[in-house]
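Below: the structure, in structure tokens.
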Amino acid sequence: MGKDDFVGTWKLVSYEVRRSDGQVAYPFGRDAIGVITYDMKGNMSVQVMRSDRPAFAVNDFQKGTSEEVRTAFEGFSAYFGTYDVNEEEGTVTHHLKGCWFPNWIGSDLIRFFEFSGNRLTLRTSSIQVGGVVGTSQLIWERMST
Numbered sequence: 024m025g026k027d028d029f030v031g032t033w034k035l036v037s038y039e040v041r042r043s044d045g046q047v048a049y050p051f052g053r054d055a056i057g058v059i060t061y062d063m064k065g066n067m068s069v070q071v072m073r074s075d076r077p078a079f080a081v082n083d084f085q086k087g088t089s090e091e092v093r094t095a096f097e098g099f100s101a102y103f104g105t106y107d108v109n110e111e112e113g114t115v116t117h118h119l120k121g122c123w124f125p126n127w128i129g130s131d132l133i134r135f136f137e138f139s140g141n142r143l144t145l146r147t148s149s150i151q152v153g154g155v156v157g158t159s160q161l162i163w164e165r166m167s168t
């Protein structure tokens with residue numbers, strides 16, 4: 024599987040984290056929604072969020088309360104950049120140019136990939152989220168090429 028196999032738009036089917044203690048967690052709930060896009064020129068972007076994020080009391084994104092802003096931030100993940108595929112290692116590397124989490128800007132996120140029919144599974148190495156170490160698995164279904 025090469026770079027051409029990634030090209031298109033994919034919708035999120037599931038997102039789970041297998042924690043080091045054996046538990047399975049759903050960081051954005053069992054009904055998380057999202058989209059990942061790869062283009063032929065090597066650009067990519069991804070957005071994942073809770074489907075039940077509450078609206079702000081005021082219809083102004085710069086006027087949310089501290090709690091509203093925190094809930095919105097913690098219920099959303101997005102980044103964009105470029106990507107490379109290493110077929111031998113079965114990895115795709117996302118080179119981040121922009122990210123909702125500023126600490127990741129300029130970094131490379133390596134994902135292990137697997138294709139099955141019209142689905143793409145991406146897995147992380149062990150990462151720490153919320154003080155717990157785990158491995159994330161996101162399953163995507165092709166929407167378009």
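For the sequence shown, the positions run 24 to 168 when the numbering used here is used.
Quick reminder that beta carbons are idealized off the backbone N, C-alpha and C, glycines included.
Fair warning: this is a prediction, and the values are worked out from it, not measured in the lab.
Item	Value
Proximity winner among G98, G153 and T114, relative to W123 (alpha-carbon distances)	G98
DSSP three-state assignment for N126, whether helix, strand or coil	helix
Contact between the segment 156–165 and the segment 79–90 (3+ Cβ pairs under 8 angstroms)	no
Reference P125, options F96, Y49 and N66, closest by Cα	F96
Rounded distance between the beta-carbons of F138 and L145, thought under 8 angstroms	Rounded, the Cβ-Cβ distance is 11 angstroms, inconsistent with contact.
M63, buried or exposed, once every other Cβ within 10 Å from all chains shown has been counted against 16	exposed
CB contact flag (S37, V71, <8 angstroms)	no
CB-CB length for R134 against H117, believed under 8 angstroms	7 angstroms
Buried or exposed (CB count within 10 angstroms, at least 16 for buried), I128	exposed
N-terminal and C-terminal residue of the beta strand (DSSP E) that T158 is part of	V155 to S167
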